[in-house]
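Undergrad:
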Amino acid sequence: MNASHTSHSSSRSTKSKPKARKPKASSNPSSPVRSVSSPKKTKKVGGQTTPTSITRGKKKMVKKKRDEKENKTVSSSFDADASTIHSVDVSTEHHSNPSSPTHPLHYTVSHSASQFSPSTSLSSSITINTSVQNLQQKLIQLSLEIEDQEKTVMILTDEMKRLTEVGEVKQKEIARKYREDFKNQAAEYKDELSKRLENCDRLTAKKQELASDLKRLQGKIKMAEDRAKAAVEKVRKDGEREINEAAASWGEGEIIRREKWIERKTTEIREITIKGLEPEVQRIIDKHKKDCQDLEDELEMKKRDFLVDFHKDLDAKKLETQEKAMKNHDQLLSTVRVAGNDRLSEVHEEHAKNLAKLRKRLSEETDSQRVWQGEELKRLAETHADEMQSFRSTESKRLHEMRRRWIEEKDAAERQLNSALGSMESDASIAKEQWENKVRHKLEKESLDKIAKERAKIKKERDREIEREIRRIQGATAKLDLECKEKVEAEKKKLKQAADKKIKGIVDKKSRWGDRLGENLDVVRELQERKRSCESTLKALSDYMQKMDSDIEKVIRDRENEFANLVEEEERYKMESTTSISSLHTMRASLKSQISSRRQEIEQLQARHKAKVKLLEQEHDKDLLAVERRVKIDVGLKEARIAELRSHVHSLESRCSQLQNMIASYKNRQREKATGTTEKGKVKEGSPKKNHSKRQFV
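Right, here's the structure in full:
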């Protein structure tokens, strides 16, 4: 390339300089020259001049094409140099308008283009102006692309913030759902407790009914006893009265009958027997009296034995019935107590297991969710930091390389821009100072506004989070006894599905961001390739410009110091921008530390909340145990009272049956005695001897 350019330059120095001063009919100053990186378009531009020079011959056409190509290479190299200078200003302030007529670069470039006219041809000046315009358009495009890259970085950071906010919102939604489940479970437990209390009330009502029935039975038993006593007393009185009446009637007739009978017998005995039979008769009478006394004694003994045996049997039966009743009562009570204790222990164990399982599941799910969110945030932050670091390193390398090349090629560019800087020096310095002040004030104002907005936003978010946490903790402490097995599992599945969907969405978004980053990197590579092409054209232009007039070189040497000052100012602006960026990074780090401290405070509040919940659960369990103990004691006392009343009822029933048996036996004996006395009276009337013996017995 260098050899070809040197050959072209030698041929141009001999032939093309005097011819270039003549205006060409084919040149179009208003038509913009296309980019150097697109050779097809440059051919089209070069092709615009060929129809005007067809009549001059083939040699002139070839020479003109060569001259135009060389002019284009010179203008492209000049434009590339101007783009390197202007890119630094565009990077410091994106809102400045490089195409405005008051911009210093516009003045320098336009003036340089105007200074080339005495030493170059009119066509070369026109092509340089058009190339400057195209270069300005390219610079605008590059600045817009850089703005797009920065906007993509800002969008990525905003997306990261949005994802963190979405994760926090999801966590709060999960907590709210679990609170609703806790409420439902508390309602269920309250319903179950109310049912159990209703059962206890029903049992107490039943017990009261049994007690009232027992009182009623006791009253009936007392009434039956009173009736039985009255009947026994009546029977006894009737028997005594009948006996007295019979004895009275018998005693009244007995005296007369006895006297008559004695008189009759004495007369008969006196008549029949002799005096020798009297001792025998006396002996028989004594024997008969003795037999009667023995019979009476035996009857008394039998009565005594019968009463003793009867009382013994009665006591034994009483003891047996009492023992049986006590055994039945003890068995029933033991079975009921065992069943109740077993059921109560089963219910407690089941309740404790369910509580433990649900708490464990909830803690595991919350821990896993928290760990996953933290890992995801860390991973996204690390990837974002790595990407930003790589992007910054590449940009810094690119800028360093551009600066190095620009310093290397500064001499050639300064020689080219000498004439333009001579006339517009004062105006450019004033405009640049105004522009710098404007940019500085604008940056300071924007940075201060952003910092104030971020601080206010962070304070508001912090206050909102604290209020939300306080409300959540207050609501949770009041409604923490609530857990539901099936709903929690269903919600767990739903949450897992939603989390999987969210993860897939995040992965897809990350892949899309990666694609966009790859596209941006491709754009950067294309820009770097364009830059290389511009650098190559700039090298060719530098080789061409080294052969220009010595006057231009002297002016460029005189203005080297001014360019050095410009470079220093540019470096100073870069340092200020880097310091502002570092301050923003420090602010970001401080904000991150504040967020981490707030998270630690939230975790401490959650730990306190869990401790309070445990204490409330323990107190609730203690209250339940105390209530159960009281219920058990009351039930045991009531059951013991019922058993005692039942045993008393059984004993009263047995006594009633015994009394009824005694009354029946007494009535039977009375009837037997009555029938026996009537039969004896008949026999005595029929046989006076027997009546005499009976009378003696009586």
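Quick note on numbering: the sequence shown equals residues 1 to 698 in full-length UniProt numbering.
Note that CB positions come from ideal geometry on N, CA and C, so glycine has one too.
1) What number of angstroms, rounded off, separates the C-alpha of E263 from the C-alpha of R257?
2) In or out: E349 buried (at least 16 other Cβ within 10 Å) or exposed?
3) Please return the same chain residues whose Cβ sits closer than 6 Å to the Cβ of S657, not counting the five positions on each side in sequence.
4) Please classify E375: does DSSP put it in a helix, a strand, or coil?
5) Keeping to the same chain, check which residues put their C-beta closer than 8 Å to that of T321; ignore five residues upstream and five downstream.
6) Do the CB positions of M587 and I458 come within less than 8 Å of each other?
7) Do we get a CB-CB distance below 8 Å when we pair K206 with the residues of chain B?
8) Taking Cβ to Cβ, would you say A228 is nearer than 8 Å to Q660?
9) In whole angstroms, what separates the C-alpha of E323 from that of E188?
10) I need the straight-line Cα distance from L495 to V169, nearest angstrom please.
11) Just to confirm my understanding: we take A640, look at its own chain, exclude 5 residues before and 5 after, and list those with CB closer than 8 Å. What are they?
12) Quick check: the Cα distance between residue 711 and V371, rounded to an integer number of angstroms?
13) Please state whether DSSP places E601 in a helix, a strand or coil.
14) With distance defined between alpha-carbon atoms, name the residue in M160, E465, K172 and L217 nearest to residue 721.
15) Could you name the residues of the same chain whose beta carbon sits closer than 8 Å to that of A664, not counting the 5 residues immediately before and after it, in chain order?
16) Cutting at 8 Å between CB atoms, please list the residues of its own chain near K40, excluding the five before and the five after it.
17) Within 8 Å, do at least three Cβ pairs link the region 130-147 to the region 357-377?
18) Measure the beta-carbon distance from L197 to I506 and round it to whole angstroms, keeping in mind my assumption that it falls under 8 Å.
19) For S131, count neighbouring C-beta atoms within 10 Å of its own C-beta (all shown protein chains included) and say buried if the count is 16 or more, exposed if not.
20) Would you call the region 379-392 and the region 149-159 touching, i.e. three or more CB-CB distances under 8 Å?
21) Taking only the alpha-carbon atoms, compute the straight-line gap between R460 and L448 and give it to the nearest angstrom.
22) Count the other CB atoms within 10 Å of the CB of D181; is the residue buried (16 or more) or exposed (fewer)?
23) If you count every other CB in all the chains shown that lies within 10 Å of the CB of Q434, and 16 or more means buried, which is it?
24) Can you round the beta-carbon distance between H329 and A643 to whole angstroms, since I take them to be within the 8 Å contact cut?
25) Quick one: does the C-beta of K195 sit closer than 7 Å to a heavy atom of the ligand PLP?
26) Rounded to whole angstroms, what's the CA-CA distance from N354 to R468? Just pull it up for me.
27) By DSSP, does E409 sit in helix, in strand, or in coil?
28) Would you mind sorting Q604 into buried or exposed? The rule is 16 or more other CB atoms within 10 Å of its CB.
29) Hey, out of Q171, A674, E535 and L527, whose CA is closest to R472's CA?
30) Measuring CB to CB, does S647 end up less than 8 Å from A316?
31) CB-CB under 7 Å to V523, same chain, minus the five flanking residues each way: which ones, in chain order?
TA: Straight from the coordinates:
1) 10 Å
2) exposed
3) none
4) helix
5) H650, S651 and S654
6) no
7) Included in the structure is just one protein chain, with no chain B present.
8) yes
9) 46 Å
10) 13 Å
11) L333
12) For residue 711 there is no data in the structure shown, the boundaries of the chain being 1 and 698.
13) helix
14) A question about residue 721 goes unanswered here, because the residues of the chain that appear run from 1 up to 698.
15) none
16) With a pLDDT of 40 at K40, under the threshold of 50, the modelled position of that residue is not reliable, and the figure given next carries that caveat. If we look at K40 and ignore the five residues flanking it on each side, it has no Cβ neighbours.
17) no
18) Not a contact, Cβ separation roughly 51 Å.
19) buried
20) yes
21) The amino acid at residue 460 is misidentified as Arg; the sequence shows Lys. Computed Cα separation, rounded: 18 Å.
22) buried
23) exposed
24) 4 Å
25) As presented, the structure is devoid of all ligands, the ligand PLP included, so that no description of it is given.
26) 29 Å
27) coil
28) exposed
29) Q171
30) no
31) E145
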